[in-house]
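Participant: Take a look at the following structure, please.
Numbering (our numbering), first residue to last: 6 to 900.
Next up, the structure:
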C-alpha cells in the first residue's frame, strides 16, 4: 500500500514505466539505455548530463533576483506610501494650477519607497545567497562504475540514466535503478510504500509477478527507488531515470513547500497575527474617532492607515531571515553547516545531547591492540580469520574493519586473497550484531568465518578452539571467556569475537541458519583513546545547560571507562535488553536519570529520544552511522558529520565538518545568540506597538488635531526599522547564552503587557507638555484662543515634538530591553547597533531643522524642548529599568 495517497497522472506514468522495466530482462534494459555492465564512458556521461540535466528533484529554491526585488516592494508599508503619493498627486498636482503644483511630497515618498524596498531586497537576497552557498557545502555521493575510470565516488547530482552504480549498506539510492546483481540487499522504502520493515531486492522479478496483470510499487522486487536507503547487503544496478522523472521526484513536485511549521515558526506567526488583529481593531476606531473629532475624513483615513502600518510587523520576516542566515554563516566559520535554517532555534534550545562515544569522546582512530585465543594468549590465527572476514565482506565497512585490515597488512596477510576466494556472505544487521563470509581455499575446502559482538557470537558457538584442538564450549569456558572480555573492557578495549566452522555445504545459498554449531577461536581487542578536548567540551556543554547522554551499540563497561576519563558523571546505565521490557512511560522516567545507554538497536535509540521529549526536553542527537538515521529524524535537532553515511547526512538538520563536541558547543552558543536576537526584536517591537495602541487612542480622543501627520508617522517607522536591521549583529549577555532557550509565547505576552503601557505613559506626558506648556509658551497662547494661522504653527510644533520624543524613546529603549543588566554600564550593545540607533536619533533630531523637515510638515524645536526631552528620556529609562527589574524577578528572565 502506497503511503502517499494523492498521486498525479505524471506519477502514474512513471510507475507504469518502472513496471515495464521490472518485467524486462537486464540485457534488454541495458540495450534500451545504451549502456553495458562496464558502465558509460565519462564523455557519454557528460553528454547525458547535458541532455537530462542534474539529478535533482523539485525543492524549494529562492526566487530569481528580479522576483525577490518585486516582492521587496510589496508590503503594507510601501502600499500605504504609494496610496499617500496618489492622494498627494491628486490634491497637490492634478487639481492644482500649474504655478502652485507641489511635487515635494511625492519626491519624499518616492525616496522612502526606494530606501525601504531596496533595504528589504538587499538583506533577503544576501540571506538567500548565503543559505544556498551553505547547502552546496554538503554533498551526498554515489559509487559509479565507468568504462574509463572504474568505480569512483561522484556527486549524486551528476548521476545519469545508463550509469552502473554500486550500492552498499548506508547508501542513499541515488535514482530509480534496476538491480543487476545483489547480495542480501535490504532496502528501507518506508518513505514511499509505508512498509515498516526493510524489503529484500533481487535481480529478477518472481515469475508470478512478472505475469501478473496489475503490479504496484511494493511488488517491484528488482527496482530500487530514489529517496530510499540501503539497510544491508550490496548490489550492482543500472540507473533507469533521474531527477523529476523518478517516482520520488514526480511526487516531490507536488510536495514542495508543504513542510510542517516548527514551534518557532508558529510562534512568530502567532505574534504577527496578534499585532495584525490589533491593527484590524485599531484602524476603524482611529479612523472614526479622528473623523468625528477633527472633521477631515480624508486626513483621518490617511492617519488611520499610517497607524495600521505602524502596528504591522512588516520587518519581522526580514529580521528573522537575516538573523538566521547571518548565524548560519557564522556557524559555518566554526565548521558547522546548517541545512535547515529554522533548526538553529532548536540547536540553541537543546538541553540534552544524545551521542555515540566513537569519534565524539574518542579520537576515532581505532587500532588493534590484542588478538587473543580463548585463554588470552596472542594468536595470529584469530587475526588471520578476522582479516579474511573484513576483507571479503561487501557491506558497511566500519572503523574496526579498517583497523583489522591495516594491522593485517602489517602482519603480512595481504596475500590471502590469492589463497581464498569468497563464495558467499551473510551481511551484518543490528539484530544479530555479527556478519559472516563463506570462503573456499585453493584445495576446494570451504569455511564459514564469523565476527561480531561477543555475546551474539557466543550464542551460535558449541565448540572452542585452543592450540589447534577443538573442544566443547562448556559453561566453564563460557564463564572464562566472559571474565576475560570484561577485563579487556575495563581496560577500555572494545572486543569482537571470531568464530569459524568447516562443516559447510558444498553448494547452495547460505543464510543466517548456517551460523550455528560454530567454533569460537578468540577475540580482537581494539583501543580508541579519548580526545584531549573532550573533557573541556563536556564541561562547557554542562555550563551551558546541556546534559550529555551516551547512546551506543557498544557494551557498558568500555563506555563507562571512557565516560569517566572525559568527565561525564555516570549516574545510571541502561542496556538494550532492559529497555525492550519497559513501557514508554517507564522508559521516560528512567531515561532522565540515565547517562549511559549501551547495547542499543537503532529503534531503541529512537525510543529513548521520544521518551526524553515526552518529559519536555529539547533533544539533540549526534550520529553518523546507518543505525542513527531514525534517531536523527526523531530528534528536535539532528546532527551529523560530513564523513557520515549518506542516510545519516540526509536525515540530519546540521552537519559538522569536524566530529567534535567543541565544535558542537560553539554551535550551541551561536544558536542561542541568534535566537536571543530574534526574541529581542520580537519582544521590543511587539511591546512598542502595543504601547502605541494606547497612545494613539488617547491622542485621537482628546486632541483637536492629528498627533502626527501620516507622512511623519511613516517616516518615523522607516527610521526606526532601519535602525533595527542591525539587531542580527548584536551580542547577548553571557548569562543568557548559558541556559537553553525555547519559544515562550506566554513570555512575549507578559512582555507586551508590562512594557507597552510604560511607553504610553511618556507619550501621554509628551502630549500634555506640548499642548499645555511648550506649545502655548512658544506660539504665544492656548491652542483654542489662537487665530487659524498660529493654530497651524501650534499643530506643526506639537507633531514635531511628539515625532522626536517618540523616535528617541522607541530607539533608546532598545538598549534598555536588550539586556537584564544596566545598559551602557554593565552591558554594551554591539557597535553596529550603537551606530545604527545613534544615526537614527541623530537624523530624527536634525530633520525638523532642514528643508526636508519642512516638506514633512515639521518645524524647528526650541531649546526648552530639549531640556524637556532629556528629562523625559531620563525618567523613561529609569522607569523602564525599574519595570525590567520587577519583570525579571517575577518571571525569571527578560527574553
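Every residue gets a Cβ at the ideal spot worked out from N, C-alpha and C, and that includes glycine.
Suppose contacts are defined by Cβ-Cβ distances below 7 angstroms. Is residue 349 in contact with residue 679 by that definition?
Facilitator: yes
Participant: Alpha carbon to alpha carbon, how far is residue 751 from residue 713? Give it in angstroms, no decimals.
Facilitator: So the two alpha carbons sit approximately 33 angstroms from each other.
Participant: Could you compute how far the alpha carbon of residue 261 sits from the alpha carbon of residue 57?
Facilitator: Per-residue confidence for residue 261 stands at a pLDDT of 44, beneath the threshold of 50, marking its modelled position as unreliable; the derived number appears in the next sentence. Their backbone Cα atoms lie some 21 angstroms apart in a straight line.
Participant: Report the option in 342, 217, 226 and 211 whose CA atom is closest to the CA atom of residue 194.
Facilitator: 226
Participant: Cα separation between residue 648 and residue 462?
Facilitator: Going by the C-alpha atoms only, they are around 30 angstroms apart.
Participant: Under 7 angstroms, do residue 849 and residue 893 count as touching if we go by C-beta distance?
Facilitator: no
Participant: Can you tell which of 413, 54 and 184 has the C-alpha that lies nearest to the C-alpha of residue 395?
Facilitator: Residue 395 has its Cα closest to that of 413, out of 413, 54 and 184.
Participant: Here's a check: name, in chain order, each residue in its chain whose Cβ is nearer than 8 angstroms to the Cβ of residue 738, leaving out the five neighbours to either side.
Facilitator: Excluding residues within five positions, the ones whose Cβ falls inside 8 angstroms are 824, 825, 826 and 832.
Participant: Assuming residue 284 and residue 313 are in contact, meaning their beta carbons sit under 8 angstroms apart, how far apart are those beta carbons, in whole angstroms?
Facilitator: 5 angstroms
Participant: Ignoring anything shorter than 4 residues or poking outside the segment 715 to 740, list the alpha helix (DSSP H) runs there in chain order.
Facilitator: 715 to 729
Participant: How far does the alpha helix (DSSP H) with residue 809 in it extend, from its first residue to its last?
Facilitator: Residue 809 -> alpha helix (DSSP H) spans 793 to 822.
Participant: Taking C-beta to C-beta, are residue 366 and residue 539 nearer than 7 angstroms?
Facilitator: yes
Participant: Kindly list the residues whose CB is nearer than 6 angstroms to the CB of residue 475, restricted to its own chain and excluding five residues on each side of it in sequence; keep chain order.
Facilitator: 468 and 524
Participant: So the candidates are 172, 668 and 147; which of them puts its Cα closest to the Cα of residue 165?
Facilitator: 147
Participant: Thinking just about the alpha-carbon of each residue, which of 480, 550, 453 and 163 is nearest to the one in residue 511?
Facilitator: 453
Participant: Name the residue from 408, 254 and 755 whose alpha carbon lies nearest to the alpha carbon of residue 18.
Facilitator: 254
Participant: Going straight from the alpha carbon of residue 239 to that of residue 180, what length do you get?
Facilitator: 16 angstroms
Participant: What are the uninterrupted segments assigned as beta strand (DSSP E) that are 3 or more residues long and contained completely in the segment 524 to 604, given in chain order?
Facilitator: Within the segment 524 to 604, the runs of beta strand (DSSP E) that reach at least 3 residues and sit entirely inside it are, in chain order, 552 to 556, 578 to 580 and 601 to 603.
Participant: Using beta-carbon positions only, say whether residue 333 and residue 529 come within less than 7 angstroms of one another.
Facilitator: no
Participant: What three-state label does DSSP hand residue 367 in the structure shown?
Facilitator: strand
Participant: Taking the C-alpha atoms as reference points, what is the distance between residue 405 and residue 578?
Facilitator: 24 angstroms
Participant: Is residue 792 a contact residue of the ligand NAD, with contact defined as CB to any heavy atom under 6 angstroms?
Facilitator: As for the ligand NAD, it is missing from this structure, which has no ligand bound.
Participant: In or out: residue 782 buried (at least 16 other Cβ within 10 Å) or exposed?
Facilitator: exposed
Participant: What is the DSSP secondary structure of residue 622, counted as helix, strand or coil?
Facilitator: Here residue 622 sits in coil by DSSP.
Participant: Assess contact between the segment 350 to 370 and the segment 546 to 559, defined as three or more Cβ pairs (one per stretch) separated by less than 8 angstroms. Is contact present?
Facilitator: When Cβ pairs closer than 8 angstroms are counted between the two stretches, the segment 350 to 370 is seen to touch the segment 546 to 559, the count reaching three or more.
Participant: For residue 48, which option in 450, 154 and 126 has the closest C-alpha, if you only look at C-alpha atoms?
Facilitator: 154
Participant: Can residue 24 and residue 220 be called in contact, C-beta distance under 7 angstroms?
Facilitator: yes
Participant: Considering residue 506, what are the terminal residues of the beta strand (DSSP E) in which it resides?
Facilitator: 498 to 506
Participant: Our contact map puts residue 688 next to residue 822 with C-beta atoms below 8 angstroms; I'd like the distance itself, whole angstroms only.
Facilitator: For residue 688 against residue 822, the beta-carbon gap comes to about 7 angstroms, under 8 angstroms, which counts as contact.
Participant: Answer with buried or exposed for residue 671, where buried requires no fewer than 16 other C-beta atoms within 10 angstroms of its C-beta.
Facilitator: buried
Participant: Buried or exposed: residue 514, going by 16 or more other Cβ atoms within 10 Å of its Cβ?
Facilitator: exposed
Participant: Answer with buried or exposed for residue 370, where buried requires no fewer than 16 other C-beta atoms within 10 angstroms of its C-beta.
Facilitator: Only exposed fits residue 370, as fewer than 16 other CB atoms lie within 10 angstroms of its CB.
Participant: Is it true that the CB of residue 393 sits closer than 7 angstroms to the CB of residue 931?
Facilitator: This structure gives no information on residue 931, because the portion of the chain shown stretches from 6 to 900.
Participant: Would you call the segment 791 to 799 and the segment 741 to 760 touching, i.e. three or more CB-CB distances under 8 angstroms?
Facilitator: no
Participant: Who does residue 456 pair with in a DSSP beta bridge?
Facilitator: DSSP lists 440 and 503 as partners of residue 456.
Participant: Tell whether a beta-carbon distance below 7 angstroms holds between residue 900 and residue 716.
Facilitator: no
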